[in-house]
Structure formats: C-alpha cells, structure tokens
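The next block holds one structure in the form of structure tokens; read it before the comments.
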Amino acid sequence: MCIHQLNLLAASNSLPITNFLGKQHPIEAHHLSSICDIMEKAMVNGDTCIIRCILVVFQVVFKFFFSPQTERNREIVRRSGLLLWQLLMAPRDQICSEIQKEVCLAISSGLNILYPGEAEINNLLKLVLTEGERNSGLSQLRDVILTNLAEQLQSNRFGSEDDDHYRLNDELLHYILKIVVRESCVLITKCQTVSKDDFQRLLSTVPAASSCLRYLMAVQNHLLSNTILIKPDENDDSDSSLQGETLKVQELKTSILSLATQILTGCDEVLEMLQQVTTALINSDISDREQRLKGLEQITKATMLGHLLPVLLTSLMHPNLQTLTMADALMPQLVQLVLYTSQTALLLKTQSPVFSELNSSPSGASEQKGKLLPDERMLEEKEEPGFLTGLKIPAPWAAGKTVETVHPVRDNYKFKETVHIPGARCLYLRFDNRCSSQYDYDKLVIYAGPNTNSRKVAEYGGNTLGYGSRSVLGTGWPKDLVKVEGDTVTFSFEMRSGREHNTPDKAMWGFACTVRAQESSEDVSGGLPFLVDLALGLSVLACSMLRILYNGPEITKDEETCQELLRSKLLQRCQWQVEANGVISPALTPSPSPLPLTIDEDREFTYPSDVLVPPVGHYFDLPRIRLPPGIMIKLREISGRARPQFRPSIK
1056 MCIHQLNLLA ASNSLPITNF LGKQHPIEAH HLSSICDIME KAMVNGDTCI
1106 IRCILVVFQV VFKFFFSPQT ERNREIVRRS GLLLWQLLMA PRDQICSEIQ
1156 KEVCLAISSG LNILYPGEAE INNLLKLVLT EGERNSGLSQ LRDVILTNLA
1206 EQLQSNRFGS EDDDHYRLND ELLHYILKIV VRESCVLITK CQTVSKDDFQ
1256 RLLSTVPAAS SCLRYLMAVQ NHLLSNTILI KPDENDDSDS SLQGETLKVQ
1306 ELKTSILSLA TQILTGCDEV LEMLQQVTTA LINSDISDRE QRLKGLEQIT
1356 KATMLGHLLP VLLTSLMHPN LQTLTMADAL MPQLVQLVLY TSQTALLLKT
1406 QSPVFSELNS SPSGASEQKG KLLPDERMLE EKEEPGFLTG LKIPAPWAAG
1456 KTVETVHPVR DNYKFKETVH IPGARCLYLR FDNRCSSQYD YDKLVIYAGP
1506 NTNSRKVAEY GGNTLGYGSR SVLGTGWPKD LVKVEGDTVT FSFEMRSGRE
1556 HNTPDKAMWG FACTVRAQES SEDVSGGLPF LVDLALGLSV LACSMLRILY
1606 NGPEITKDEE TCQELLRSKL LQRCQWQVEA NGVISPALTP SPSPLPLTID
1656 EDREFTYPSD VLVPPVGHYF DLPRIRLPPG IMIKLREISG RARPQFRPSI
1706 K
C-alpha cells in the first residue's frame, strides 16, 4: 500500500517529504465528501480492501490537507467521524483487526480535527480510559492515542504551546494510573496462577511496557527533566524574567509533587500484591516454585515498580527537589514503601514463610524458650538478619574504570586523564592486548598521583608488528597487572611522530587500560537483586527527607539579621505565648529560664508568688515584664541611669 508507506514516511519530521506535504494546499470539502461516499459504499458492500485504503487516506488528509474552518467543512468532519466510529464499534466478527487498527490510526491522526475543543478531547479520553477494558476497539484506540501523546510529550519543553495539549489533566492521569496499577497487579498475580508453559511465555514478553505505562513514563520524565535541567535565561536578567522563571519552577514542583504522590500510592498497592504473591509461592508446593520465585523479580521489573519508581527515586535526590514541602508530603508513603520492599526482599532472599513461627503453639514455644541455654538466649536476643545480610553492595568503581585513547591515534595526538578511587590502598591496571604506537617515543607515561609532577611509575610505547621503530620501550606493553600504590593514577600519552604511509591502524592503535581497586575481577559483584536495590534506594531517600524535616525551614533573612537579638539573655528569660488571634505576647507568669544566668547577681532571685494583673487596655497591649534585681542593677550600670530616689516633700 503506497499511500500507507507515504503516511509512515511523512510521520518523520526529519525527512524532506514532511516539509513538502506541509506546504500543500488544504483539500476542498467536496473532495473529502467524495472520499466519504466511497467509504460508505465500501462498508455496504463489505469491501475490506477499499475500506483499508480509504482509512489510510483519512490519516494523510487529517494530518496534512484539511482545515475545518467553514461550516461546510465541519459538517464533512462530523460525517467522517461517524463513519470511523461505526467501524470502530463494529462487532469483532464483522471487522478484522487490521481494519480496526487503521481506524484507530485515522482517529488519532485527526484528533484535533474531529474533536476541536479541549473538553471534547477530554470526554473522548475519559471514555476510552473507563470503557476500554470492555471494548477491544476502545482499548486499541486508547493505546494508539496515548502512544502518540507520549512521543509528542517527550519532544516538548515544559511551558511550550503544545505542552498543555499533550499533558493531560489530573483526572485523566488518575484514570491512567488506575489502569497501570491494575495491569501491574495482574502481571504479578500471573506468576502464581498461570501454568508452567504460560509462565515461560510470560517471561519472554517482559519487560515490555503498556501504552498507559509508557505515557506515565513520558509525563514523569518530562516533568523531572525540566525541573532538574531548567536554567534561567542568561541574556535576560530583568525582574520580570526572574519572576517568570520562579513561577515556572514552582508550577513544575507542584506538578511533580502531585504526580509523585499518585505514583507512590500506586506502588504501595502493587508492592502489597507482590508481598502476597511471594508469600503464597513460598508456602506452595508446586514443582517449579524456585523458577517462579526467580522469575518474579523479572516480572516485577515490567511493572510500574521497574519503569517508574527507580527514576522517581533518583530524581527526588536532586537538590532542586529536596524541599521541605516534598519531604512533608511524601515521607509517610516512603516509610510504607521501605517496609514493603525490605520485607519482600527478605522473603525472596530467605525463601521462608513469613508466618512459619505462628504454626507452633504458644505453650510449646514458651517451654522451648525456657529450656534455652544462656548462650542461646544471647543469640536469640540479637537482631534478626535483614535483607542486606550477606549481600555485597557494589561500589561505583567495582566494575573498574576504563581509560583509553582514540583508535587509531592520529598525528600530534595528546591524552591525559587522572583516575581517583577514594579509599583505595592501591590500584591495579590491566592493559588491552592491542596496545601499540608507531615509535617507542610515542609513549604512555603513568604517574602515581594527581598530575604529571607525581612519582613516575612506568612508561610504555612502540610495537612488535614490524612497523615504525619495530621495537618497544623496555619490556613492552604489560601482559600482567600493573600495581600502583595509592588511590590516584595519572595517564599521559603523546603521539610525537607523524604517521608513515605504510603503517596500518593496528600499529597505531593507542592504548586502553582498566583501573580497579581490586586485584582480581572475580570479587566484583554483579549487582544487587532488584527488590534489594529498590529497598536500599527508598531507604536512602527516606533518610534524606527525614533530615530535611529535622532541619526544618531555612533561616530567613530577617532571622539572620536578628540573630544577636534572638540570642539575647533578656529574651531567653521570657516565656512567650500565642494568643487565640495569633498575636505573640509575653506570658503573664514568667518561668525560670532553662539556660544558666551569666550575670552575677547580688542575691538569689525568686519569682513573686502573686500573679501579675493584666494592664487595662486592648488585648494586644504587652504587659510589663518583671526582671530580676540583679539584671536591673546591671542595666542601670550600663546605661548610667541611677535608680530614682524617693525624696519627701518639704513644706
């Protein structure tokens, strides 16, 4: 089908045909009416070939050649929409899957033409999201529309003109999230319910993401990437520009908080189902129980736990999102997720029932506990092993860091790089067996330190392939490990000779070297199990959020200005209270300050036993604060004002 191929080519924005089709004049209404006439006749006659061709024509026309600006055109659009919906809602025995797919593509291509208003598009999406499970046509249309929206959203920056069109409102996102949660729970449940052969087929299809999950991934990546990568315009430093950037950042953070709350809530439900299925599998007696438990982790990666949660956790650790508002809102959900993931990871690790101890009678347990020896009682009181017990957490450098030149090296090529592995006592270098240079003075020099002024360890150069110098520097490029003391090594390579015409690439390959903090790669861990890694990531994020909550709000400029006043011993000796209307005033009955006095007093001060009487006046009048005599004496000395003396009047 040539028209279909043309439509697929036109979908790419990078091809010249797209610009060509975009410059064509819109199709006239009577031509589209003729197309509808042909479609109606083909539907009556049941001619599937013509129906498919007309559906592809609809896709091209809606995308490039039609603009419903007149009433005549809008009437033709309504007629086209009715024909498409008749095909979409036709029973499965009357329409083949290929035609149904083309109908969905036609509606998706003409979405803005068939449904010109935002309310109409939202109503359509609400219909396909709520009724999609009951009708295969609506389900396929939902998948096509969400896939197209996800692709468009990934290529748009936050705040652009098309952003609101591709990013759906909160109500529709809630419907999509419910579908994703349901799909994830069904997928996990299949690990327990399907047969052995069906389970193997299930493993071969994951971790493919559904259209709803792909759209949620696109929305999450769209918001998070713009929040993390957003930068103010350096050429515009006006107040209006800064204010606009601030509003954009606040809008982004609000959207992320809303989406993160919904995703974490959905993950909580999926993790609860995962824990139930894991417990049921461990307690079951099916023959392939071990295979199902191993495959359960792979299945879990295909759910929202694998596609959404890791990206969200990593992004929430960014300084732009480490805010008190985020921590206060997400902390309860994070704690619950930490519990679920750690418990499930421990279950998969130990492969023992959760409630095995409940099977024993309380009396038997108490008798057995009473017979324990002292050493056994001490062991019993120790903390139970957690999900990380026995697992080696891989360091960032566990797999080694590769340092290499371009291959082959070119004339006048220079290379310098420093590798630093914190905490390493020594470093081990393993060179590629293809290392070579044209002449022995085209050499690599290794230094045990952060720069070329450090101690020189070794130098290598030349080749044994019969080109250039036909020799190597010293004993040649090392075949065994090279040990460098310390945690830092610097590589410096320089190509000093010019390439000769008969020198092949293999004689000027350059060098490649892997740096490790371990002598052998056999000790390198292959990584943590997925659920263990997820539980660890959630724990780190929860601790980070807890630290933010503990520190509280950031100190304001007013508080910084009033630091000396706030540290005043005079204010610290007062007990302040908040009135019902929010006004702050000193308490009428002062209480002893918990801080020790630093002012010498002539005598010990005791607070008066009588209660101070509030002064007459409005409720916001501050009452007089009675200070200890020692403080009053010091204040008079500092101010130079003596205590007023009572002088009797002379008559």
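So the sequence shown is numbered by the numbering used here: it starts at 1056 and just counts up by one. Don't be surprised by glycine CBs; every beta carbon is placed ideally from N, CA and C.
Annotated three-state conformation of glycine 1685 is helix, per DSSP. Tyrosine 1494 carries a coil assignment under DSSP once its states are collapsed to helix, strand and coil.
In this structure, DSSP gives tyrosine 1170 a state outside helix and strand, which the three-state scheme calls coil. Between isoleucine 1311 and leucine 1363, the CB-CB gap reaches or exceeds 8 Å.
Here alanine 1273 is not bridged, per DSSP, to any residue. Of the residues assessed, cysteine 1490 falls on the buried side of the cut-off, its CB having 16 or more other CB atoms within 10 angstroms. The C-alpha of leucine 1484 lies about 26 Å from the C-alpha of leucine 1446. If you ignore the 5 residues before and after tyrosine 1230, its C-beta comes within less than 6 Å of the C-beta of Leu1184, all in its own chain and listed in chain order.
Taking 8 Å as the cut-off, the beta carbon of leucine 1268 is found closer than this to the beta carbon of methionine 1359.
A direct Cα-to-Cα measurement between glutamine 1573 and leucine 1482 gives close to 7 Å. Relative to the Cα of asparagine 1606, the nearest Cα in the group Gly1553, Gln1377, Ser1552 and Thr1405 belongs to Gln1377.
Under the Cβ criterion (8 Å, minimum of three pairs), the stretch 1453–1463 does not count as touching the stretch 1513–1532. Contact check for isoleucine 1162 against leucine 1196 passes: the beta carbons are separated by less than 8 Å. In the DSSP annotation of this structure, the continuous segment of the beta strand (DSSP E) that includes lysine 1469 starts and ends at 1469–1475. Two segments are said to touch when three or more pairs of C-beta atoms, one from each, lie closer than 8 Å; by this definition the stretch 1240–1257 does not touch the stretch 1180–1194.
Beyond the five residues adjoining it in sequence on each side, serine 1524 comes within less than 7 Å, by CB distance, of Tyr1494, Asp1495 and Gly1517 in the same chain, given in chain order.
The beta carbon of alanine 1697 lies closer than 7 Å to those of Arg1691 in the same chain, with the five residues before and after it left out. Distance check between threonine 1369 and each of Leu1589, Arg1133, Phe1117 and Val1132 places Leu1589 closest, using alpha-carbon atoms only. At the C-beta level, leucine 1401 and glycine 1361 stay beyond 8 Å of one another. For threonine 1558, there is no enclosing beta strand (DSSP E), as DSSP gives it neither H nor E. Just so you know, the alpha carbons of methionine 1386 and leucine 1583 end up roughly 25 Å apart.
Counting along the chain, phenylalanine 1254 sits inside the alpha helix (DSSP H) bounded by residues 1251–1260.
No Cβ-Cβ contact shorter than 8 Å links asparagine 1224 with valine 1366. By alpha-carbon distance to methionine 1563, the top candidate from Cys1598, Ile1603, Asp1253 and Thr1519 is Thr1519. Look at arginine 1197 here: in three-state DSSP terms it is helix.
Short of 6 Å from the beta carbon of alanine 1567, and not among the five residues preceding or following it, lie these beta carbons of its own chain, in chain order: Glu1459 and Asp1487.
In this structure, the beta-carbon distance from valine 1500 to valine 1570 does not fall below 8 Å. By the beta-carbon neighbour count (other beta carbons within 10 angstroms, threshold 16), aspartate 1198 is buried. The beta carbon of serine 1313 sits closer than 8 Å to the beta carbons of Asp1225 from its chain, once the five residues preceding and following it are set aside; these are given in chain order. Note on geometry: alpha-carbon atoms of leucine 1389 and arginine 1344 lie some 31 Å from one another. The Cβ atoms of isoleucine 1476 and aspartate 1542 sit closer than 8 Å to each other. Serine 1370 is bridged by DSSP to nothing; it lacks a bridge partner.
With respect to the 8 Å criterion, methionine 1328 and isoleucine 1200 are not classified as neighbours on the basis of their beta carbons.
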